[in-house]
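Chains as they are written, first to last, in our numbering: chain A, 237 to 575; chain B, 237 to 575. A short write-up of the structure that comes next.
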DNA sequence: ACGATTGACACAAACGATTGTTTGATTTGA
DNA sequence: TCAAATCAAACAATCGTTTGTGTCAATCGT
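Printed below as a string of structure tokens:
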């Protein structure tokens, strides 16, 4: 078995509490240099490492944070996760990753589970079918930072993007190219991000006199199939849209797949702008005109916010940070074809 | 504060140990239906949830597994991680994710840290500068499963791919198309995966009479820059290769970037085959001819293997599972140009 | 009818750390 | 010189569970 504090203490001929204090290097602690040395030697010889579980139980601090995301297989989330893990490790925190798959039920399970595990804080991208879990966490007074999605009626720490402007800029770009009929392929419609992007979309549609129609607002999910099916429906219209605004990584791949399958060309037949964060985005069939997120910035701001709250015992006023997306005009958008 | 077993016991008028036994639903345990009911009521009313930390300390079992990968931002690893997390949760295990960034020093830190945290098992993609950590884990008798990379001289559980055949098939495909000069862009050269892929490459080179030259073996890292720089070097040769075998996601993006920057066309000027697992791969500038991994299968086999070992107290003989890659001929490979 | 069995639970000792409080020994101050 | 102050380290409680062992009553067997 692994050596314990007691083993070290025995070997050094002192009491375990003394070993503990020496190892935790408390300030103005009076210990003879000789015993201190004996203790370090014993630690070395036994190759002692403290037991985090015991420490966590006693200190009521686990040095663990929970990260709840819809799907860590999605590059958007995985790259944020990477940053959080990295920064966390530097500060002595370990991160537990959870995938909700956009399922509220799973989110509930994960939250109670993480609470049981005594995490010191949580960073989450909520499913948003309900704000119950977020309230629960806040009620237990454990630090929480939301990413990308927030609730209108509950004040939390968060790192979000400038969704309205991003979508507006994208549609403006299409309008500038002469497009009149631009579709909005949204992910799950009750999600904050989607509401905001839709807000930007509709604002641009009105401002630039584009065609406004419910039939141009399609989709209600983030998967490949959602993108694929929505696009198929759009393309089967008598007069299909000439521009598409895609709101997620998988949706984008699905949409492109449907377009190519139909034998259409991008951007000659149809222009496409996507919210896409894959490193492959610049090298797609046509380099993708895309809105991308500052993923490192999102991850690191979220972590810093969380750490500040953990260290301040969650007494800080809540803070919402907005980061700006980047818009890269590449080759999937072009002038609308004159018929 | 959160209610404890003692609180529940008091409310139900029984001893904590009784509550514990009832909740853990031990078999052939004699408890009056009436007290059982009182206990459940108390649990309900207090909204009691067990403390995992305390349980872990007492039981010496944390229901936690460690997952060490080079970079969870890389789709190959993130999708495997997703599967492992999902299956883990179904079985009551939580996963701690760690990114080594291919840095042996970080790997060392993570391993000792996870050991301190008392994980019940570990799944890792080792950095392979040293087998020290793997030996250490095995010596402590904690279950371990390697993914993708194994050591020649230490027997472990593992899930690996048929690297030799995969690379051989790829090069054969190029040879069939008339290519004589095929370069091998490898990741870190001392990695198992790379050695095996190289083995397949060189076997095909010899078997099909391709040009054999050290100058065609380039690169020693997995990053975008590695792929980019290696490709630049290759393209600046007097007679550059007409075929490229790319051995990683980021390498691939880097290579494509360099090729396009040079104004060359794929596959007219140069053919490309990649080990690539991005969902975007089929939709690249030219749909990418690629070797992809069965990521779900890898993740789930690794998890199952680990779980079996955890449940059998690590007494099982070690087991190495080989999975098969998939080879999709798309549009980045073509007949060699006749000059 | 009386010891032996069993049923239903309580007791108490861990697990491995942290930390407030004591304890002796030594030094200090007047 | 003797009480007071300081040092260096030991003591013991505690965190919230789990689990081997007691205990006391009711039931059983003969």
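Even glycine gets a Cβ: it sits at the ideal position worked out from N, Cα and C. Keep in mind that this is a model prediction, so the values were computed, not measured.
Partners in chain A for residue i, counting only beta-carbon separations shorter than 8 Å
i              : result
residue 285(B) : 348, 351 and 352
residue 515(B) : 460, 485, 486, 489 and 514
residue 321(B) : 308, 333, 334 and 335
Sheet register partners of residue i (DSSP bridge)
i              : result
residue 482(B) : 421(B) and 510(B)
residue 363(B) : None, per the DSSP bridge assignment.
residue 334(A) : 304(A)
residue 358(B) : 302(B) and 380(B)
residue 454(A) : 421(A)
Whether residue i touches residue j by CB criterion (8 Å)
i              : j              : result
residue 403(A) : residue 437(A) : yes
residue 406(B) : residue 477(B) : no
residue 266(A) : residue 543(A) : no
residue 339(A) : residue 363(A) : yes
residue 509(A) : residue 471(A) : no
residue 255(A) : residue 272(A) : no
residue 285(B) : residue 351(A) : yes
residue 316(A) : residue 331(A) : no
residue 490(A) : residue 444(A) : no
residue 516(B) : residue 484(B) : no
residue 545(A) : residue 393(A) : yes
residue 361(A) : residue 396(A) : no
residue 479(B) : residue 466(B) : no
residue 417(B) : residue 452(B) : yes
residue 421(A) : residue 354(A) : no
residue 278(B) : residue 248(B) : yes
residue 492(B) : residue 500(B) : no
residue 239(A) : residue 513(A) : no
residue 390(B) : residue 333(A) : no
residue 359(B) : residue 303(B) : yes
Proximal chain B residues relative to residue i, where beta-carbon distance stays under 7 Å
i              : result
residue 473(A) : In chain order: nothing, as chain B lies at least about 23 Å away.
residue 511(A) : Chain B residues near residue 511(A): none, gap ~14 Å exceeds 7 Å.
residue 298(A) : 289
residue 309(A) : 314, 315 and 318
residue 292(A) : 289
Limits of the unbroken alpha helix (DSSP H) element including residue i
i              : result
residue 500(A) : Looking at the DSSP string, residue 500(A) is not in any alpha helix (DSSP H), and its letter there is neither H nor E.
residue 244(A) : 241 to 248
residue 237(A) : Looking at the DSSP string, residue 237(A) is not in any alpha helix (DSSP H), and its letter there is neither H nor E.
residue 551(B) : Premise fails: residue 551(B) is in no alpha helix (DSSP H) and is neither H nor E.
residue 429(A) : 428 to 443
residue 273(B) : 269 to 282
residue 316(A) : 311 to 326
residue 345(B) : 340 to 352
residue 459(B) : Element bounds for residue 459(B): n/a, residue is neither H nor E.
residue 293(A) : 288 to 295
residue 257(A) : 252 to 259
residue 408(A) : 399 to 412
residue 373(B) : 368 to 375
Whole-angstrom distance between residue j and residue i, CA atom to CA atom
i              : j              : result
residue 432(A) : residue 415(A) : 22 Å
residue 323(A) : residue 498(A) : 45 Å
residue 368(A) : residue 341(A) : 11 Å
residue 555(B) : residue 336(B) : 25 Å
residue 177(B) : residue 385(B) : Since the first and last residues shown for chain B are 237 and 575, residue 177(B) lies out of range.
residue 511(A) : residue 373(B) : 42 Å
residue 305(B) : residue 313(B) : 7 Å
residue 301(A) : residue 378(B) : 24 Å
residue 547(B) : residue 299(B) : 11 Å
residue 370(A) : residue 308(A) : 20 Å
residue 349(A) : residue 356(B) : 17 Å
residue 241(B) : residue 329(B) : 22 Å
residue 252(B) : residue 244(B) : 8 Å
residue 434(B) : residue 409(B) : 16 Å
residue 504(B) : residue 495(B) : 12 Å
residue 413(B) : residue 429(B) : 26 Å
Contact list for residue i against chain A, beta-carbon separation under 9 Å
i              : result
residue 478(B) : Here the premise fails: no neighbours, minimum Cβ distance about 20 Å.
residue 405(B) : What residue 405(B) touches in chain A: nothing, since even the nearest Cβ is about 23 Å away.
Contact list for residue i against chain B, beta-carbon separation under 9 Å
i              : result
residue 543(A) : Neighbours of residue 543(A) on chain B: none; closest Cβ ~18 Å, over 9 Å.
residue 240(A) : Simply none; closest approach about 12 Å.
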